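Single-structure report; data block below.
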Amino acid sequence: MWPNTTASPFLLTGFPGMEKAHHWISIPLLVVYVSILLGNGTLLFLIRDDHSLHEPMYYFLAMLAATDLGVTLTTMPTVLGVLWLNHREIGHQACFSQAYFIHTLSIVESGVLLAMAYDRFVAIRNPLRYTSILTSTKVMKIGIGVLIRAGLSIMPIIIRLHWFHYCQSRVLSHAFCLHQDVIKLACADITFNRLYPVVVVFAMVLLDFLTIFFSYILILKTVMGIASGEERAKALNTCVSHICCILVFYVTVVGLTFIHRFGKHAPRVVHITMSYVYFLFPPFMNPVIYSIKTKQIQSGIIRLFSLPNSRA
């Protein structure tokens, strides 16, 4: 069998029944899009430019910001193309590539959050050996491992999409390509493509969450053993930003899962809106959380925006 390369393109969908309002709907989405680019871009610039932020904690934060940028840059161009220009057609290769990056980066985000939990675990359990355990080389290896794990885990189901024939409706449910959306249009045995993602979610995303949860139990146990109340508060405060990011990511994951599983009778616009919340809310909130809760990031932002004035 050879890849099905001559089939008609898929059709993306904006907000069905609200086509006349697409331009108005695009305004808040554009504002969020630009905010995500600016927020995560600023974090990456600060971490690269400020030597005081050249620590494992901020390297992992840079990975999170890069992942959030990747998710947004992968999805939003086709979304805005549909809402602004009614450009709905997307070729199979482009669609499958988009689906691959969307799903891969979602697993990468889960892996980065797990790596950040490991960073906090080492920092609190072994503060004197923190820099010797989490060297730059080890941080790089962890980042590469997270990327390879996600890329290889998603590859089997995306490769199979190229060999399917699509003889049903060409209309997808969103303004971007998702694997679960594409396989509904396939006229083939899709048993593997239905079961494998479930295994991946349970083996990776759920396992990541349980590992993070267990690591924080150990962190809390260590913190409670600190005699000084001030030191306990200081240790816990270093974890607040990460905990908030974990809640933002996993709450949206759970929300989207519940909508798909138990909200079958909910209006279609609810499903579509929840998918946008899933892709845009964590990338939007993560820079906000770290800007509010991390003094080093606050100081870096102040220096960045006060630099032109000081030169003047």
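The end of the sequence shown is residue 312 by full-length UniProt numbering, with every number in the run present.
Glycine residues also receive a C-beta, built at the ideal position from the N, C-alpha and C atoms.
Only a predicted model underlies this, so the values are computations on that prediction, with no experimental measurement involved.
LEU134 sits in coil when the DSSP states are folded into three classes, being neither helix nor strand. Fully contained in the stretch 162-211 are the following alpha helix (DSSP H) runs of length 4 or more, in chain order: 179-182, 191-200. TYR118 has its alpha-carbon roughly 13 Å from the corresponding atom of THR131. The alpha carbon of ALA203 has as its nearest neighbour, out of GLY143, SER215, ARG149, the alpha carbon of ARG149. Given a length threshold of 4 residues, the stretch 76-101 has no whole run of the alpha helix (DSSP H) inside it. Counting other Cβ atoms within 10 Å of its Cβ, ASP189 stays below 16 and is therefore classed as exposed. Measuring C-alpha to C-alpha distances from PHE209 to each of ILE246, LEU44, MET140, THR67 identifies ILE246 as the nearest. Cβ-Cβ separation between PRO282 and ASP68: approximately 7 Å, consistent with a contact (criterion under 8 Å). ILE226 and ARG303 have their C-alpha atoms spaced approximately 34 Å apart.
Taking the Cα positions, ILE25 is about 11 Å away from VAL31. Looking only at ARG125, ASP49, ALA65, the smallest Cα-Cα distance to THR238 is reached by ARG125.
DSSP, read as helix, strand or coil, puts LEU236 in helix. In this structure, the beta-carbon distance from GLU89 to PRO9 falls below 8 Å.
When C-alpha distances from HIS87 are compared across LEU218, THR257, ALA175, the shortest belongs to ALA175. Around the beta carbon of HIS54, a 10 Å sphere encloses fewer than 16 other beta carbons of the protein chains shown; the residue is thus reported as exposed.
A straight line joining the alpha-carbon of SER275 with that of THR72 spans about 13 Å. Shown here for ILE297: same chain residues with a beta carbon closer than 6 Å to its own, the five before and five after excluded, namely TYR290, SER291 in chain order. Assigned with DSSP and collapsed to three states, PHE10 falls in strand.
Across the structure, LEU46 and VAL248 are spaced so that their CA atoms are roughly 23 Å apart.
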